[in-house]
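Okay, structure first, notes after.
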Amino acid sequence: MLLNRKLTLVLTGAAALQLGLTSLKFSGMPCPLLKVFGIPCPGCGLTRSIIFLFQGDWQRSIAFHAFAPVFVTAIGLIAIAAVLPQVPRQKFVGVLETFERRTGISTVLLVGLIVYWLARLLILQSTFVNLIRG
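So the sequence shown is residues 65 to 198, counted in the working numbering.
Structure below.
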C-alpha cells in the first residue's frame with residue numbers, strides 16, 4: 065500500500081480533511097456504524113482525540129481515544145511515503161516491512177484496538193456513548 069503514491073496521497077488527504085473540518089467546527093465524516101446501528105465503532109472519538117492531542121491536551125485526548133498517538137504515527141508514516149521520491153520510498157517501505165515482519169506490530173495493534181473498543185463498549189457503555197455523541 066505504501067508504495068502506491070496515489071493511495072497514500074488519498075489517505076493523507078482524507079485524514080487531513082477530516083481533521084481540518086472537525087477542528088474548524090464543521091462536520092467531518094460521521095461514523096456509519098454509529099449512524100446506522102447506534103453502536104460506536106472502534107475508531108469513534110479518534111478525530112476529536114487527535115485534535116486534542118495536537119492542542120497538547122493529552123488527558124482529554126486519551127479520554128476520547130487512547131489510540132490517538134498510534135493513529136497519528138500511522139498517518140505520519142503514510143504521509144512520508146506519499147511525498148518521498150521513488151527510491152527513498154522503496155527503502156522506507158522496506159524498513160517498515162522488516163519491522164512489521166519481526167514484531168507483528170500491526171496484528172498486536174489491531175487486536176489491542178478491538179479489545180479496547182470492546183472494553184469501552186461493554187464495561188463503560190453509557191460513558192462511551194455519551195462521550196462520542198458529545
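Glycine residues also receive a C-beta, built at the ideal position from the N, C-alpha and C atoms.
- A residue is called buried once 16 or more other Cβ atoms fall within 10 Å of its Cβ, and A80, having fewer, is exposed.
- Rounded to the nearest angstrom, the gap between the Cα atoms of S170 and F135 is 12 angstroms.
- Taking 8 angstroms as the cut-off, the beta carbon of T72 is found no closer than this to the beta carbon of I115.
- Apart from the 5 residues on each side of it in sequence, Y180 sits with its Cβ closer than 8 angstroms to the Cβ of P106, A130 and F131 in its chain, given in chain order.
- The shortest C-alpha to C-alpha distance from A78 to any of K99, T111 and L195 is the one to T111.
- DSSP places K70 in the helix class (H, G or I) of the three-state scheme.
- By the 16-neighbour rule on beta-carbons within 10 angstroms, F192 is buried.
- Around the beta-carbon of P96, fewer than 16 other beta-carbon atoms lie within 10 Å, marking it exposed.
- At a Cβ-Cβ threshold of 8 angstroms, P133 and L148 do not count as neighbours.
- One alpha carbon belongs to L182, the other to K99, and they sit about 18 angstroms apart.
- A residue is called buried once 16 or more other Cβ atoms fall within 10 Å of its Cβ, and R166, having fewer, is exposed.
- In this model, L173 and G92 are separated by some 25 angstroms (Cα to Cα).
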